[in-house]
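2 protein chains.
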Amino acid sequence: MNPIIDQMNQHFSVRQFKKERIADETLKTIINAGRSASTWMNFQSYSIIVVRNQEKKQKIYDLLGQSSILSADVFLVFVGDFYRAKQITDEKGVAFKPEGVERLLVSSVDAALVAQNTLLAAESMDLGGVIIGMLRTKSEQLSKLLDLPDYTYPLIGISLGVPDEHHEIKPRLPYENVVFDETYQIQPEAFVETFDEVQSRYADGRQATLWSERVANYFSGDATASTLQNLKEKKLM
Amino acid sequence: MNPIIDQMNQHFSVRQFKKERIADETLKTIINAGRSASTWMNFQSYSIIVVRNQEKKQKIYDLLGQSSILSADVFLVFVGDFYRAKQITDEKGVAFKPEGVERLLVSSVDAALVAQNTLLAAESMDLGGVIIGMLRTKSEQLSKLLDLPDYTYPLIGISLGVPDEHHEIKPRLPYENVVFDETYQIQPEAFVETFDEVQSRYADGRQATLWSERVANYFSGDATASTLQNLKEKKLM
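Line by line, the protein sequences are chains X and R. Just so we're aligned: 14 in the numbering used here is position 14 of the first sequence, and the numbers increase by one with no gaps anywhere. So the numbering used here is basically just the index in the second sequence, starting at one, shifted up by 237.
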């Protein structure tokens, strides 16, 4: 098609990395490309913490148990950030109202757009990575470790490095189950069994459970309480 | 650098479009490239509504007052979507717990990652667009218009088409104000004045207010209540 769409279509998550260092200049180029993403009213309601210190990566690994963090050259934490907005409203002497789900979506979308661009930019430089939303299960501890001030919260992380593994591309749901013309179309339930089969073929015996079983398990369990607790501590809820 | 990073660095939002139709096949290629983005546990907790009907675009424009929607060939609505998860938990006969901010971040990040990829894929095909978060000010009306069922909500839209305008690239905050090594670093307040000047130079008289004044105005005002109201109606809060 073209190099950009080809790169997107080749995406797979990398969790195991070679012991090679990403040059500082390369990392900056990647992150700056990421930061060219659209942002709500040009407010740029996010920050990025670049973790390279191995002891700190070890501490984050101890919290989350995701081995990619230890193996990665860099662990990037994408933070929803209204602290700069607080500085601005203070300077102007006006009220500051950062709380609630609407504001949360502004900063989370800003941060996620930059994160996606950053990961794709890295992939275009023959690097790889994996997005880690699970870090929100330890929002409070991570906030302390990264000195996150009020009005900021960790949204997602990316383990980044030179890939030491290669996967087939993970199949997505069929287009017609997800993309609808003009109005939402509820899907006949047969999509579940069909996609379970697709996923099982892809997993080729490496996963003991069906995709739908993992979905059901996740949504029947309680979501982590850490996200809300931390948002309250940071005065965002 | 490389074509992908170059494309990112050339990003600017397009709000005015030529009266040219994007071929169906091209649109599908773009959206499928977008859908190759990472997704939480491969759940793909999002859907996309493709609005091409001019009367429907007119109705959305009437709600939001953003002229890009009328001018665009396609208006894409990215929807956070746990309806498929509800179908799966029902089928398995287990509990379904879709409520709360942690779940909201799962679906919103999933949808935003796909949206960023989709816009960049479009730009790589000489199309352009603008991301519209402001659609959440009319979450309930938009949900009705698009027949969104329970457990789904509109997150952002993209007006997409063949560009009929060209801008300079909008400056971002300096790297050192946003990207931090190892821990968060609170910025000296001088960053505000410095960036106001950068933005004013970019705006070149086209904006009557300073960047910081727009930030202060936004954060001192009340956020739209429509987002939360709609999330409650859709049983997500």
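A virtual CB, placed ideally from N, CA and C, is assigned to each residue, including glycine.
On the premise that residue j lies in contact with residue i, defined as a C-beta separation below 8 Å, what is that separation, rounded to the nearest angstrom?
i, j, result
"Val178/X", "Ser282/R", "Actually they are not in contact, since the Cβ atoms of Val178/X and Ser282/R sit about 10 Å apart, beyond 8 Å."
"Ile393/R", "Ala352/R", "6 Å"
"Ile286/R", "Thr227/X", "The Cβ separation is near 27 Å, so there is no contact."
"Arg136/X", "Thr209/X", "The pair is not a contact, with the Cβ atoms about 23 Å apart (cut-off 8 Å)."
"Pro408/R", "Tyr455/R", "Actually they do not touch by this definition, with Cβ atoms about 19 Å apart."
Report yes if the CB atom of residue i is closer than 8 Å to the CB atom of residue j, and no otherwise.
i, j, result
"Arg15/X", "Ser68/X", "yes"
"Thr389/R", "Asp318/R", "yes"
"Asn42/X", "Trp448/R", "yes"
"Pro386/R", "Tyr320/R", "yes"
"Ala259/X", "Thr326/R", "As displayed, chain X neither begins before 1 nor continues past 237, which places residue 259/X out of reach and without an answer."
"Met245/R", "Leu397/R", "no"
"Met323/X", "Thr266/R", "Past the boundaries of the shown model lies residue 323/X; chain X is included only from 1 to 237, so the question cannot be answered."
"Leu64/X", "Lys18/X", "no"
"Ala23/X", "Leu113/X", "no"
"Gln229/X", "Glu140/X", "yes"
"Gln295/R", "Leu307/R", "yes"
"Ile60/X", "Phe78/X", "no"
"Ser457/R", "Phe12/X", "no"
"Met237/X", "Val346/R", "no"
"Val162/X", "Leu105/X", "no"
"Ile131/X", "Ile241/R", "no"
"Trp277/R", "Gly34/X", "no"
"Ile395/R", "Gly442/R", "no"
"Leu142/X", "Lys56/X", "no"
"Lys472/R", "Pro335/R", "yes"
Quick check on residue i - is its C-beta less than 8 Å from some C-beta in chain R?
i, result
"Gly157/X", "no"
"Asp204/X", "no"
"Gly100/X", "yes"
"Arg103/X", "yes"
"Val198/X", "no"
"Leu146/X", "yes"
"Thr209/X", "no"
"Val74/X", "no"
"Gln187/X", "yes"
"Leu160/X", "no"
"Arg35/X", "yes"
"Pro149/X", "yes"
"Glu140/X", "no"
"Pro3/X", "yes"
"Tyr61/X", "no"
"Arg201/X", "no"
"Gln54/X", "no"
"Asp164/X", "no"
"Lys28/X", "yes"
"Glu280/X", "Residue coverage of chain X in this structure runs from 1 to 237, which leaves residue 280/X outside it and unanswerable."
"Gln229/X", "no"
"Gln44/X", "yes"
Can you list, in chain order, the residues of its chain whose CB lies under 7 Å from that of residue i, leaving out five sequence neighbours each side?
i, result
"Lys92/X", "none"
"Ser107/X", "Ser45, Tyr46, Gly80, Asp81, Phe82"
"Arg258/R", "Asp310"
"Trp164/X", "In the sequence as presented, Trp is not what sits at residue 164/X; that position holds Asp. If we look at Asp164/X and ignore the five residues flanking it on each side, its Cβ neighbours are Gln16, Phe17, Lys18."
"Gly26/X", "Here residue 26/X is Thr; the residue named in the question, Gly, does not match the sequence. Once the five neighbours on either side are set aside, the close Cβ partners of Thr26/X are Met125."
"His167/X", "Phe12"
"Glu360/R", "Gln244, His248"
"Glu413/R", "none"
"Arg214/X", "none"
Verify the CB distance criterion: does residue i have a CB-CB separation below 8 Å to chain X?
i, result
"Ser250/R", "yes"
"Thr431/R", "no"
"Ala322/R", "yes"
"Gly365/R", "no"
"Glu328/R", "yes"
"Leu350/R", "yes"
"Glu413/R", "no"
"Ala260/R", "no"
"Lys472/R", "no"
"Lys294/R", "no"
"Gly302/R", "no"
"Gln353/R", "yes"
"Ile306/R", "no"
"Ser344/R", "no"
"Ala427/R", "no"
"Gln244/R", "yes"
"Lys186/R", "In the structure as shown, chain R begins at 238 and stops at 474. Residue 186/R is therefore absent and cannot be evaluated."
"Leu372/R", "no"
Kindly list the residues whose CB is nearer than 8 Å to the CB of residue i, restricted to its own chain and excluding five residues on each side of it in sequence; keep chain order.
i, result
"Leu410/R", "Phe428, Phe432"
"Ala322/R", "Phe280, Ser282, Phe333, Pro335, Tyr388"
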